[in-house]
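Okay, structure first, notes after.
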Amino acid sequence: MANIVQFENVGLRYGTGQETLSDVSFVLSRGAFYFLTGASGAGKTSLLRLLYLAQRPTRGSIRLFDEDAVTLPRARLPGFRRRIGVVFQDFRLVPHLSAFDNIALPLRVSGVPERDVAAPVREMLGWVGLSDKLDARPPTLS
Numbered sequence: 003m004a005n006i007v008q009f010e011n012v013g014l015r016y017g018t019g020q021e022t023l024s025d026v027s028f029v030l031s032r033g034a035f036y037f038l039t040g041a042s043g044a045g046k047t048s049l050l051r052l053l054y055l056a057q058r059p060t061r062g063s064i065r066l067f068d069e070d071a072v073t074l075p076r077a078r079l080p081g082f083r084r085r086i087g088v089v090f091q092d093f094r095l096v097p098h099l100s101a102f103d104n105i106a107l108p109l110r111v112s113g114v115p116e117r118d119v120a121a122p123v124r125e126m127l128g129w130v131g132l133s134d135k136l137d138a139r140p141p142t143l144s
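Just so we're aligned, residue 3 is where the sequence shown starts under the numbering used here, counting upward by one.
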């Protein structure tokens, strides 16, 4: 599998204080599904801000889609951000869309051909135990 994200010795410091993130290194591969968990204050939000290019690191290397994201010109940031899907803790579902269509929405918006939408959506619903709820609306899910 190709690597789509690579962090090498990344550090992040806000102001002159202690580093929030120190020597973070990892690789994310294309086609995989990842979860980020940790205690409050562990740096999860800071890491995600680096990942979706809302923040630049204080030091280290970040490569996205085999390009150096640290030196990426500001004009190219929106194109890169469209290729990264992040589900936030306070995510919102579209209440009038089915579970299937809520999950399919980012794929459709990013231009994935309709013929390639169903399989990954069904797989994701299976991961969370909702394979039998394709047509259910968010208010009916718990």
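All residues carry an ideal CB built from backbone N, CA and C; glycine is no exception.
Nearest-angstrom Cα separation, counted from I6 out to G128:
24 Å
N-terminal and C-terminal residue of the beta strand (DSSP E) that I6 is part of:
N5 to R15
Using only the alpha-carbon positions, how far apart do I105 and I86 sit?
15 Å
Output the distance between the C-alpha atoms of D68 and R83, rounded to the nearest integer angstrom.
14 Å
Based on DSSP bridge pairs, tell me the residues matched to L66.
V7 and E69
Check whether the Cβ atoms of V12 and V29 lie closer than 7 Å to each other.
no
In chain order, what residues of the same chain have a beta carbon less than 7 Å from the beta carbon of S24, not counting five sequence neighbours either side?
G13
Just mark A41 as buried or exposed, buried being the case when its beta carbon has 16 or more other beta carbons within 10 Å.
exposed
With DSSP as the reference, label R84 as helix, strand or coil.
coil
Please report the straight-line C-alpha distance between G62 and T18, rounded to a whole angstrom.
17 Å
With 7 Å set as the bound, which would you pick, yes or no: does the beta-carbon of V29 sit closer than that to a beta-carbon of chain D?
This model lacks chain D altogether, as it is built from one protein chain only.
Please state whether DSSP places T60 in a helix, a strand or coil.
coil
So does A101 have its beta carbon nearer than 6 Å to some heavy atom of the ligand ZN?
The ligand ZN is not part of this structure, which contains no ligands at all.
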